[in-house]
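Numbering (the numbering used here), first residue to last: -2 to 264.
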């Protein structure tokens, strides 16, 4: 990715990613232009609506720039019942995520694991490594290690493991190993509960599409407003707007680059 640095007080061109650098006692914000055109971006998420909540705007922006995008959903969504119970919820949610993926223009992979029963096993590792080898990503988007949900935390660990194992010739699956490890960005935390993002992607032009993508998950829009959390559509907009305010745009999604041997890239 080519990087163009600009001072914060310069005019802002379209399609910028916002990067926050904190140096000594002074906070400096730089604008960086990330060229997604040659990227293959794979979002690895736990549940059918997680990508829409946390990274669909970035996926859409990457797609518009010429990237190839995909979403891998690990769990069936079978336990995410709204207040009015839905029969055959896993089947309903599969149809919802297929509709959202089609609207987004993303290839869809699933691991078909039961909700709240996602564990780091050799079988699940092989499933996820095979997804990575089939799609061959240059950039992975995965749940933050400090996320609130047990499935999110389990998948965060698995995504980190797979970012390494996918290149290993000794870890055999049907498809050949990757030549190089993809970079890995951790997703933001819902309701901003936890570490703050280090990378902000401007999704001002994708916010309405992000809303439409979330609306594909009709069974989940009935959740919330029950004393535990606000409706999901409201949560999504609050998060995108706040991250936008923090980074000087209308709406943004936040990420934290994972820094580890062979998973760190110069953008």
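Beta carbons are placed, not taken as given, at the ideal position from N, Cα and C, and that holds for glycine.
- Looking at the backbone, the Cα of residue 199 and that of residue 184 are separated by about 14 Å.
- Beta-bridge annotation (DSSP): residue 161 is not paired with any residue.
- Within the region 138 to 226, the alpha helix (DSSP H) runs of at least 4 residues that lie entirely inside it are, in chain order, 147 to 162, 204 to 212 and 215 to 218.
- If you look at residue 106, you'll find it in the beta strand (DSSP E) that goes 104 to 110.
- The beta-carbon separation of residue 94 and residue 105, rounded to 7 Å, stays under the 8 Å limit for a contact.
- In the three-state scheme derived from DSSP, where H, G and I count as helix and E and B as strand, residue 241 is classed as helix.
- Taking residue 160 as reference, the option from 107, 182 and 246 with the minimal CA-CA separation is 182.
- Per the coordinates, the alpha-carbon of residue 124 lies some 11 Å from the alpha-carbon of residue 163.
- By the Cβ neighbour-count rule, residue 119 is exposed, with fewer than 16 other Cβ atoms within 10 Å of its own.
- For residue 191, the closest of 33, 141 and 62 by C-alpha to C-alpha distance is 141.
- Taken atom to atom, the span from the alpha-carbon of residue 176 to that of residue 36 is near 15 Å.
- The C-beta separation of residue 110 from residue 71 comes to about 5 Å, placing the pair in contact by the 8 Å criterion.
- Here residue 49 carries a helix assignment [DSSP, helix/strand/coil].
- In the structure shown, residue 60 adopts helical secondary structure according to DSSP, grouped into three states.
- Counting only residues of its own chain and dropping the five nearest sequence neighbours on each side, residue 179 has a CB closer than 7 Å to the CB of 134, 135, 136, 137 and 160.
- Exclusion of the five residues before and after residue 113 leaves 76, 147 and 148 as the residues of its chain whose Cβ lies within less than 7 Å of its Cβ.
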